[in-house]
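**Q**
Residue numbers (the working numbering): 726 to 1203.
Take a look at the structure:
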């Protein structure tokens, strides 16, 4: 504590005089969820005709046939464009809104790089929104009747919903079990409404329910039924829980009131927007209004937190990240959005301690530098000696990433094999776990990742489950 008394409260500009963020103008880029008119979609889609190398499709996890639906959009054939777009993606209007296109399809556009590439995501969103408005999104109708076999899906997030749709189309009876009171997972409770409107997700899940998928909400596996009981009840089980356990921060004072996990903060905000009563928001615990907010982390969740805090009327919002801008894992589009909304990024910085009497009042920050590369080739951050300073903070949000929960314990299934990281171990050819008929997909297998990868994994798992169930029917017939 003797050291901390000598520290001074300083502004970011004082602590980092050489790293003041440049002014960013709104005209520099188009926000993915902003308004998009037909003329703009046609103009952007037409630019794709200049390209003969479809790197965009190669770098899309779903391998969407992007050049073809852009060509159809440019020709005004939007219904056909939607049909091609939806053939490979279970949620094109959702991916169009929240995919980090600057790291995937748009980032590999050969027309132009950066924010001047073809705005693939915005066109994808426009196509599917137009399809919903015009009734081109057809009801979910099974192509066969395999209802004598049922599949349980644990988790109503993007991987689970994607698998559920594909399995229902195959004609299976599909039951989705989720601990929350609404289906959607992080699409509903984790991603802010200003990026992904909740009615867009609800529209998708309503279509699935109307198509015969049975949702069991507020259902916790381990509390309401064990994994073994679900296996007994269904012909196959898919674990698609995602990863929800927040990585913790170990530093002096980290237990003070006012230091909260990112998902708790975002869930409270999203519940409020859905019309729920949220006591933790009403009493100020998860409300940034009028506060000096510090968010710790550099991924997309951190960006969701800083931008939510701005919208809640925070007095100031700062984001601490231990590496520099070039090494930040979050989307650069999100960073630019946040900067123009008034968020201050404190690059090359890390929390050293937290100060306050009954609740947090300040974050003790130490400057970092990038040292020698690790085994992956990424330079490791290391502290700058004697560089500590204090930043005022009434609310600190920890956005340090997520890890798997202990599913063998949670599901009362000690026999379920997991990796040393806690992810579910699968045969990557079949996506089956060590338990016969139990499959896994999404973040619970690959670790915290992107929604588009979860959708891809869910579709792949559905194919694997269909093959497994079809083989069982064939074996019985023989």
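C-beta atoms are modelled at their ideal positions from N, C-alpha and C, and glycine is treated no differently.
1) Compute the Euclidean distance between the alpha carbons of residue 779 and residue 896, then round it to the nearest angstrom.
2) At 4 residues or longer, what runs of the alpha helix (DSSP H) sit wholly inside the region 802-844?
3) Quick one: what's residue 1018 bridged to in DSSP?
4) Buried or exposed: where does residue 1110 fall if 16 or more other Cβ atoms within 10 Å of its Cβ makes it buried?
5) Going by DSSP in three states, residue 851 sits in which element: helix, strand or coil?
6) Taking all protein chains shown into account, do 16 or more other C-beta atoms lie within 10 angstroms of the C-beta of residue 924, making it buried, or fewer, making it exposed?
7) What is the C-beta distance between residue 875 and residue 960, in whole angstroms, given that I count them as a contact (C-beta under 8 Å)?
8) Quick one: Cα of residue 1125 to Cα of residue 1067, how far?
9) Can you list, in chain order, the residues of its chain whose CB lies under 8 Å from that of residue 1038, leaving out five sequence neighbours each side?
10) What number of angstroms, rounded off, separates the C-alpha of residue 933 from the C-alpha of residue 1009?
11) Measure from the alpha carbon of residue 1022 to the alpha carbon of each residue in 1055, 1034 and 860, then state which is nearest.
12) Determine whether the beta carbon atoms of residue 881 and residue 918 lie at a separation below 8 Å.
13) Which of the three DSSP states, helix, strand or coil, is assigned to residue 976?
14) Could you check where the alpha helix (DSSP H) with residue 771 kicks off and where it finishes?
15) Return the first residue and the last residue of the alpha helix (DSSP H) that residue 1170 is part of.
16) Rounding to the nearest angstrom, what Cα-Cα distance links residue 796 and residue 802 in this structure?
17) By Cβ distance, which residues of its chain are closer than 8 Å to residue 944, with the 5 residues on each side in sequence left out?
18) Going by DSSP in three states, residue 962 sits in which element: helix, strand or coil?
19) Helix or strand or just coil, what does DSSP make of residue 1006?
20) With a threshold of 7 Å on Cβ separation, who are the neighbours of residue 667 within its own chain once the five nearest residues in sequence on each side are excluded?
21) For residue 1069, name the three-state secondary structure that DSSP assigns.
22) Note down the Cα distance separating residue 799 from residue 987, rounded to an integer number of angstroms.
23) If we ignore side chains and look at the alpha-carbon of each, how far apart do residue 1184 and residue 1045 end up?
24) Within a Cβ cutoff of 6 Å, which residues of the same chain sit near residue 804, ignoring the five residues on either side of it in sequence?
25) Which of the three DSSP states is assigned to residue 916 in this structure?
26) Do residue 937 and residue 871 have their C-beta atoms within less than 8 Å of each other?
27) How would you call residue 928, buried or exposed, if buried means at least 16 neighbouring beta carbons within 10 angstroms?
28) Mapping DSSP to helix, strand and coil, what is residue 1105?
29) Going by DSSP in three states, residue 1076 sits in which element: helix, strand or coil?
30) If we call anything under 8 Å between Cβ atoms a contact, is residue 1093 one with residue 1108?
31) What do you get for residue 891, buried or exposed, if any count of 16 or more other CB atoms within 10 angstroms of its CB means buried?
32) Let me know if residue 790 comes out buried or exposed under the rule of 16 or more other beta-carbons within 10 Å of its beta-carbon.
**A** In terms of the structure at hand:
1) In the chain shown, counting from the first residue as 1, residue 779 sits at position 54. In the chain shown, counting from the first residue as 1, residue 896 sits at position 171. Using only the alpha carbons, I get a separation of about 34 Å.
2) 803-813 and 817-823
3) Position 293 of the chain shown holds residue 1018. Per DSSP, 1042 and 1120.
4) Locating residue 1110 in the chain shown gives position 385, where the first residue counts as 1. Residue 1110 is exposed by the Cβ-count criterion.
5) Position 126 of the chain shown, counting from 1, holds the residue named residue 851. If DSSP states are grouped into helix, strand and coil, residue 851 belongs with the helices.
6) Position 199 of the chain shown, counting from 1, holds the residue named residue 924. Burial call: exposed.
7) Within the chain shown, the letter at position 150 stands for residue 875. Within the chain shown, the letter at position 235 stands for residue 960. That belief holds up - the Cβ atoms of residue 875 and residue 960 are roughly 6 Å apart, short of 8 Å.
8) Along the chain shown, read from residue 1 onward, the residue named residue 1125 stands at position 400. Along the chain shown, read from residue 1 onward, the residue named residue 1067 stands at position 342. Residue 1125 and residue 1067: Cα-Cα distance of roughly 22 Å.
9) As a working note, residue 1038 is residue 313 in the chain shown. So the list reads 1013, 1014 and 1015, once near-sequence residues are dropped.
10) Locating residue 933 in the chain shown gives position 208, counting from the first residue. Locating residue 1009 in the chain shown gives position 284, counting from the first residue. For residue 933 and residue 1009, the distance between alpha carbons rounds to 37 Å.
11) Counted from its first residue, the chain shown places residue 1022 at position 297. Measuring from the Cα of residue 1022, the nearest candidate turns out to be 1055.
12) In the chain shown, counting from the first residue as 1, residue 881 sits at position 156. In the chain shown, counting from the first residue as 1, residue 918 sits at position 193. Not a contact, by the Cβ cut-off of 8 Å.
13) Taking the chain shown and counting its residues from 1, one reaches residue 976 at position 251. Here residue 976 sits in coil by DSSP.
14) To locate residue 771, count along the chain shown from 1; it is residue 46. From DSSP, the alpha helix (DSSP H) with residue 771 extends over 763-772.
15) The residue you call residue 1170 lines up with position 445 of the chain shown. Per DSSP, residue 1170 belongs to the alpha helix (DSSP H) from 1168-1171.
16) Locating residue 796 in the chain shown gives position 71, where the first residue counts as 1. Locating residue 802 in the chain shown gives position 77, where the first residue counts as 1. Approximately 9 Å, taken between the alpha carbons.
17) To locate residue 944, count along the chain shown from 1; it is residue 219. Cβ within range, chain order: 902, 903, 904 and 950.
18) As a working note, residue 962 is residue 237 in the chain shown. Three-state DSSP puts residue 962 in a strand.
19) Along the chain shown, one-based indexing puts residue 1006 at 281. If DSSP states are grouped into helix, strand and coil, residue 1006 belongs with the helices.
20) Limits of the chain in this structure are 726 at one end and 1203 at the other, which puts residue 667 out of reach.
21) On the chain shown, position 344 is the one that residue 1069 refers to. Strand.
22) Working through the chain shown from its first residue, we reach residue 799 at position 74. Working through the chain shown from its first residue, we reach residue 987 at position 262. Approximately 41 Å between the Cα atoms of the pair.
23) If you number the chain shown from 1, residue 1184 lands on position 459. If you number the chain shown from 1, residue 1045 lands on position 320. Distance between the alpha carbons of residue 1184 and residue 1045: 37 Å.
24) Walking along the chain shown from the start, residue 804 turns up at place 79. Closer than 6 Å at the Cβ level, and outside the excluded window around residue 804, lie 861.
25) In the chain shown, counting from the first residue as 1, residue 916 sits at position 191. If DSSP states are grouped into helix, strand and coil, residue 916 belongs with coil.
26) In the chain shown, the residue the question calls residue 937 occupies position 212. In the chain shown, the residue the question calls residue 871 occupies position 146. No. Outside cutoff.
27) Position 203 of the chain shown, counted from the start, is the residue given in the question as residue 928. Looking at its Cβ environment, which holds fewer than 16 other Cβ atoms inside 10 Å, residue 928 is exposed.
28) Taking the first residue of the chain shown as position 1, residue 1105 is located at position 380. Reduced to three states, the DSSP call for residue 1105 is strand.
29) Within the chain shown, numbered from 1, the residue matching residue 1076 stands at position 351. Three-state result, residue 1076: strand.
30) Counted from its first residue, the chain shown places residue 1093 at position 368. Counted from its first residue, the chain shown places residue 1108 at position 383. The answer is yes: Cβ separation under 8 Å.
31) For the purposes of this step, residue 891 is identified with residue 166 of the chain shown, where counting begins at 1. Buried, since its Cβ has 16 or more Cβ neighbours within 10 Å.
32) In the chain shown, the residue the question calls residue 790 occupies position 65. Buried, because 16 or more other Cβ atoms sit within 10 Å of the Cβ of residue 790.
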